[in-house]
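Let me begin by presenting the structure, written as structure tokens, before commenting on it.
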Amino acid sequence: FSLVHVAHGCAPGGDLAEALLVLAALDRARRQATGEGLRDVDVEAIFCQIVDSERVSAYYYYTDENALHNACARLGVETLHFANPAQQVPALSEEVLLGAMTAEETIGSEHLRLLLREPARFGVPRALTQALLAAFFKMLWNPETRGAKLRVEVLCGSRPERVASALASDAVAHSAPGYHPRHPRAARADILQLLADQLWIRPADIPRLRTEAGCMALEHYELTRSELAKGLATPVTPMPR
């Protein structure tokens, strides 16, 4: 999900990007305090707690036809069932499936793809972004109840056309306030409170981490918007013959 998906009004990056803002701030704080950042198992545990929260009725992942085509190409299939790819290609391990679904060219969100492409520029470790994406798909493929909260939507049409339309109409500047990086009720506030409740952080840490996440959100918003202005598009991966 990204700035160009203005029909749904989230910017930049939607649910997963909001979580990454907090995870990046927490990862940085832990590295400074202990020399070690968040592990993949930590990211997965935090994501489970976020989805389990009563405040979360649904958790969205948006992609597009371009990214879906690239995922199919990587897996050697003509179509892909997002909710249960293991049934479709049982010979492939979960590791291989996760590798395909978290690769840069298979991410439909321009913002999330930029986080993978330029982690240092955005201040979010590539491994952290991949770990959160992997946590999403592992939960989606798991029959447990919490997986029912997850939603995947494939946007139709040309990505360059969506970018051009969003920038031409200035719709990017009029995103839904709940996801706008400057909005006080952004999801990151709820996530920080949840982390304090689950003892990942101290309540006293919330104001500092919220400020850090807010500053990062502003930077991400401007960086991604500037990239969209260049007509960002994903290269197409050829299907195997």
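Everything in the sequence shown is counted per our numbering, starting at 24 for the first residue and increasing by one.
Yeah, the Cβ is synthetic: ideal placement off N, Cα and C, and Gly gets one too.
Taken in chain order, the complete beta strand (DSSP E) segments of 3 or more residues contained in the segment 56-119 are 82-87. When C-beta atoms of the segment 106-113 are compared with those of the segment 214-230, fewer than three pairs fall below 8 Å, so the two segments do not count as touching.
By the neighbour-count definition (other C-beta atoms within 10 Å, threshold 16), residue 55 is an exposed residue.
The three-state reading of DSSP puts residue 176 in strand, counting E and B together. Look at the beta carbons and you see the segment 53-69 not touching the segment 96-105: under three pairs across the two are nearer than 8 Å. The beta-carbon separation of residue 85 and residue 178, rounded to 6 Å, stays under the 8 Å limit for a contact.
If you draw a straight line from the Cα of residue 168 to the Cα of residue 128, it comes to about 30 Å.
Straight across, the Cα-Cα distance linking residue 171 with residue 161 is about 12 Å. When secondary structure is reduced to three states using DSSP, residue 125 falls in the coil class, being assigned neither helix nor strand. Residue nearest to residue 163 within the set 93, 120 and 97 is 120 (criterion: CA-CA distance).
At the C-beta level, residue 173 and residue 152 stay beyond 8 Å of one another.
Note on geometry: alpha-carbon atoms of residue 212 and residue 240 lie some 12 Å from one another. The criterion of a C-beta distance shorter than 8 Å is satisfied by residue 90 and residue 130. By the C-beta density criterion, residue 136 is buried, having at least 16 other C-beta atoms within 10 angstroms. When only Cα atoms are considered, residue 44 and residue 100 end up about 34 Å apart. Here the alpha carbon of residue 50 sits roughly 31 Å from the alpha carbon of residue 253.
DSSP places residue 214 inside the alpha helix (DSSP H), whose first and last residues are 210-220. In this structure, the alpha-carbon of residue 238 lies about 11 Å from that of residue 245. Going by DSSP, residue 253 is part of no alpha helix (DSSP H) at all; its letter is neither H nor E.
Straight across, the Cα-Cα distance linking residue 74 with residue 122 is about 22 Å. Of the candidates 46, 72 and 76, 46 places its Cα closest to the Cα of residue 148. Rounded to the nearest whole angstrom, the C-alpha separation of residue 97 and residue 64 is 26 Å.
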